[in-house]
Every structure is written in C-alpha cells, then in structure tokens.
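Below is one structure; the comments refer to it alone.
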Amino acid sequence: MLLNITSVELKTKQEADLDRELKVLGAANLLSAAMGGYVASLTSTRTNMNFALGRGARVPGLVVASLSAAALFVQPEYIGFMPKCVLGGLLLTLGYDLVVRWMVAGARQLARLEYASLLAIAAIIVGWGFLPGVAIGVIFGCATFALSAGRVSAIKFAFDGSEYRSSLDRGARELALLGAHGRELQGLNLQSYLFFGSANRLYEHVKALLVQRPECRFLLFDFRLVTGIDSSATHSFTQIKQAADTLGARLVMVNLSPALASAFNNIGFLTPDILVIPDFDRALEACENAIIAAHSSGTGEAGSLHDWLTEALGDPGLADQLAQACRRLEFQPGEVLAEQGAPADSMHFILEGRVGIIVNLGEGRSIRVRSLGRHTTIGEMGLITGRPRSATVQAEVASVARAPASRSRSTDGRHRRQLCLRRGQRRVDLRGGSGSAESGGGRRRSRRGARLGGQSAGRRRQRPADQGSQGQGHQPDAAARYGDKDHPSDRRRPGDRLPPRGHQGSGAARGVRPQALSPNDARGLIQIRRTGRRRG
C-alpha cells in the first residue's frame, strides 16, 4: 500500500497523509468484513484514472461508490447487464498505461540493469503468472541493490598523522617529530553500510596502502558514519588485521556503536592488541604520543627543560639560569594550576602530562576549550598584561611543571625580559639593551614595530626638557618616578622612551646600572607605544 501511495503522489503531484490513509483503509476493511465483503486495498491505477477523469475533483470516486451501493442494496442482478466490452476496454486502457509508463518510458529513465530486471519480471508474469513474477522480482531487486551499493566506496576520506592532528597543543620539538614521522599513522574514515561488496574493496585498499606505507605503525578506522555491518564484512576486517600484523601495524577502532561492537565481538575480533577508543580526537592523541615516545631522545626532565629554553631563547647560559630558578611542581589529575579570575602573578612551563583550559560560563556550567601538552607555556600573557586569569588551568593527567621560585626584580624580572612571548602573530620582545639608562634616551620606531626595549648608542635624540639636567646633579622628587600619574613626565610624545625605575639624572654619567622591568614596567611601555602616553 505504501508503494501505491507513493505512485499516486507522483501522478497527482500532491502529498498524501500516510497516517490518515492507513486509518481510513483499516476502518473500511473492518466494515467490509462485518458485512461479509472482501479485503480492500488502495490501487494506484484506478486512483490515477479517477483523478484524471475528475481533473483533481472527487466526483468520479463518489459516482463509482454511489452506483456500487445502489447495485448492491437495490437490485444486485442488474450488474449482469453491464456490457462486457466496456469492462474489457477499461482493462485494456489500464494495461496500455502500464506498458507505456514502465516499458517504454522506463527505457529512458531506468538504468540498464534495472530495465533488464523489469523486462525479465514482465516475461515471467506473462509466462508463469503473477505470484512467480513477484517472487522473482524481489530476488532481482535485492541483487540489483547489492550490485549498486557495492559501487559506493566505504571510505569517505583517508588521512595520515602528518596532516591530521589532534587538538592537543604541543611544543615545537614534538610538532617537528610528528611532521617527520606522522605517516606512521594512517587513518580511514568509513561510511554507509558495510557488507561483503564494499568490505572486500576496503580490504584491497588497505593491502595496497600497507605496501605503499611500510612504515605504518597505526591503522585507524573511524566508524562514526557507518550505519551497520554484516557478518561477511566483519570477516573482511579479520583479513585486514592479519595483513596489518604481518607488517607490524596496530589497528585502532574509533566510534564503534554498540551494534558494531557486538558484531565484532561475535567473531572474536576485538582482541587486546586492538585499540578501541570511543573518541576520534583522543585516538589521534594516543597514536601521536606513541609515535613521539618512539622517536624522542629520552632525555631527563631537567635536560628537557634546559634544551627547550635554549632553543627558545638562543642563549644556553641564560637558559641554564632560568632553569635553575624554576622549582618543580607536580599535579595530580583534577588539580588546579590556576583559577579563573585570580591574579596573574606567575607562569608555568609544562614538562610532562597534559592540562586543560576550562572557561567558567556561569550558573555552574563550564567548557574545556583546549588542552596543552609537553613543552607549552601557560600564564605568560596574563603576567605581561597584568589582567586576571581568563580561564582555569586544570591537570587532566598526572603532570609536571616548572615555575619561577620567586619573583625578585634581580632574577625573575631579568629572565622575563629575555622571553619572547608569542600568541598568534603578535610577538613582544622585552630584552633590554645598552644605553637603556640614558636620561631622555629615545629611539624612533616604526608604527608597526613590535620590539620594546633598549636603544643603540648611534640612534639617540635628546628631549629639550632634559638637556639642562645632564651633569648638574638634577634630583627629581618622588613624584618623578616612573609610574606616578599626573606627573609632567607622563606627557610624552609617541615613540619616547621612559627612564628606568629609580632613574636620577644622567644614568650614564652617574653609573647607575639598569634595573629589571617589572610587569608594571612592561605594561607601561606597551601602553606608551600604542597611545603615546601612559594611563594612570
């Protein structure tokens, strides 16, 4: 009946209410059975004929129902006087319509395989009857579907670890290792229903892939878009596992639904040597960690920190000083490193483990926006800008970090000046230079300059307000110290450089050694560079 309703919808170009049609047909059959009648069903041929005769109106159907009721209740024998030629003509008309619509028009609309099945079914109906034709038609339909579905590839897309990464933020060294050895991870994103046709093509593809990539150590299958699997397809995966074991590759099964997992368990496929991970991103992370562990040098924690800082700073001596100034911190899973809204008074170097960045959305809701792995830094932007923590940092696994043991101006501030803090495309270099204690010393910088710091001795200019103070023992009062607002020295032009903290007179003449920049100093320099004056 549903197929007939669909045919009527296509002919009349109107949408039918399936629920209403089923209810009406059920009520009609109950009434017919109570009166000793036959079982009724909707027919597309008669419905389409009545629709064509009435041009969309219900009059032909009502006329047929009225005449049938009159003949049944008034004088049933009058039906025998109906001319048989009219009934034969009606039958020929309906048959001619079916032949033209399916046999003639179908030759242009149907595929060759489907049209050949249609001709075979028609020949069987003519030769052996209607029921054998229906049975053979069902068999032909299933075979046609299997052949058509077998042409659809079970692989939506393929990838490898060099171009497809997890969301975990990693250090430069680990990213370099993944870039060099990422092809050891080969992944396939599967789709549609897996049966013997598509699964066999998948097996042939995997065999060719393993031959092309003999270095493959992990073969990942993502089943997120797979709707089902039959027993023949599960045996094809057994063949895939045997081919992978021969070359030393390990299978990783991701996003297995309960039905798929049950199908694999029924044949004993999911053995302990197969990784079954419910989340695609965590599966990528696990494979990446194994690849990095296999190709890392295996240096100790202290050596790892020293090498990392040396690579970042470009100065082994400074890296050694900074590494010695940091204390070792251990965090258990769930332990908080930094709380959202707390003062940003420290930064951490993540050496081992993984931490998550969690944003509190209010009303008891929170969301994890990213994860940070080995050789990443947290808290540096808050330390420079002086703003409170914008998110909570929480250890996801057992983690090890290093943080400066103290924030003294003589040690911690000097190390912080040397760090190049990168976030996106902005780079702030707080390294001091020679002549940074010169009174009134300034240096012209381009409007797009991003480096704040010392000046070269060959590019200086004097401010008129300070020319008379050199060499005369000028002693400004406490209000002239850097950072006091509403002082005349705060009204400077764009590009002018502030004297260091504690400056008195000519630093070069008095031999005053430059002092370290505190976070307030750095914040002031950045504000002057942007607006030309410092906010109070």
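If you're matching positions, the sequence shown starts at 13 in this note's numbering and goes up one per residue. Ideal Cβ positions, reconstructed from N, Cα and C, are used throughout, including at glycine.
Item to check | Residue interval of the beta strand (DSSP E) (run including S383) | outcome: 377-384
Next on the checklist: Rounded to the nearest angstrom, what separates P11 and I304 at their Cα positions?
Outcome noted: With the chain covering 13 to 548 only, the question about residue 11 has no answer from this structure.
Item to check | Under 8 Å between C-beta atoms of S210 and A161 | outcome: yes
Checklist entry - Would you say L349 and L334 are within 8 Å of each other, going by their C-beta atoms? => result no
Checklist entry - If you draw a straight line from the C-alpha of L159 to the C-alpha of S165, how long is it? => result 12 Å
Checklist entry - Which value, in whole angstroms, describes the spacing of the CA atoms of P95 and S44? => result 27 Å
Checklist entry - Does the beta-carbon of E392 have 16 or more other beta-carbons within 10 angstroms, so that it is buried, or is it exposed? => result buried
Checklist entry - Taking C-alpha atoms, which residue in E351, S358, G92, E364 lies nearest to E342? => result E364
Checklist entry - How would you call C299, buried or exposed, if buried means at least 16 neighbouring beta carbons within 10 angstroms? => result buried
Item to check | Y215 vs I167 beta-carbon contact at 8 Å | outcome: no
Next on the checklist: Measuring only the C-alpha atoms, how far is D257 from G394?
Outcome noted: 50 Å
Checklist entry - Which of helix, strand or coil does DSSP assign to Y176? => result coil
Next on the checklist: Going by C-alpha to C-alpha distance, which of N277, G38, F63 sits closest to F51?
Outcome noted: First, the amino acid is wrong: residue 51 is Val here, not Phe. If we check each option's Cα against that of V51, G38 comes out closest.
Checklist entry - Do F169 and N201 have their C-beta atoms closer together than 8 Å? => result yes
Checklist entry - Between the beta-carbon of R195 and the beta-carbon of S178, is there less than 8 Å? => result no
Next on the checklist: Measuring CB atoms only, is the stretch 215-226 touching the stretch 266-284, in the sense that at least three cross pairs come out at less than 8 Å?
Outcome noted: no
Checklist entry - Among N301, V266, E227, which residue has its Cα nearest to the Cα of F292? => result V266
Item to check | Three-state secondary structure (DSSP) of H193 | outcome: helix
Next on the checklist: In the DSSP output, which residue or residues are listed as bridge partners for N372?
Outcome noted: S378
Next on the checklist: Under DSSP, the alpha helix (DSSP H) around I137 begins and ends at which residues?
Outcome noted: 124-140
Checklist entry - Does the distance from the CB of S78 to the CB of S19 come in under 8 Å? => result no
Checklist entry - Under three-state DSSP, which class holds M393? => result helix
Checklist entry - Considering only residues of the same chain and omitting the five flanking positions on each side of E408, which have a CB-CB separation below 7 Å? => result P345, R366, V367, G368, S383
Checklist entry - To which residues does DSSP link G199 through a beta bridge? => result F171, L232
Item to check | Unbroken beta strand (DSSP E) run spanning P226, endpoints | outcome: First-last for P226: undefined, no H or E at that position.
Checklist entry - Based on the DSSP secondary-structure assignment, which residues constitute the bridge partners of H360? => result I390
Next on the checklist: Measuring only the C-alpha atoms, how far is G118 from Y127?
Outcome noted: 7 Å
Next on the checklist: Please tell me whether R182 and G385 are closer than 8 Å, where the distance is taken between their beta carbons.
Outcome noted: yes
Checklist entry - What's the gap between the Cα of A337 and the Cα of S308? => result 26 Å
Checklist entry - Within 10 angstroms of its Cβ, does D234 collect 16 or more other Cβ (buried), or is it exposed? => result buried
Checklist entry - Exposed or buried, E227, counting other C-beta atoms within 10 Å across all chains shown (16 or more means buried)? => result exposed
Checklist entry - Which same chain residues, not among the five before or five after P72, have their C-beta less than 7 Å away from its C-beta? => result N62, L65, G66
Checklist entry - Are L231 and A261 close, meaning C-beta to C-beta below 8 Å? => result yes
Checklist entry - In angstroms, rounded to a whole number, what distance separates the CA positions of M13 and S53? => result 7 Å
Item to check | 8 Å contact criterion, which T404 and F361 should meet: CB distance rounded | outcome: Not quite, the Cβ-Cβ distance comes to about 18 Å (not below 8 Å), so this is no contact.
Checklist entry - In terms of residue numbering, what span does the beta strand (DSSP E) encompassing T404 cover? => result 404-407
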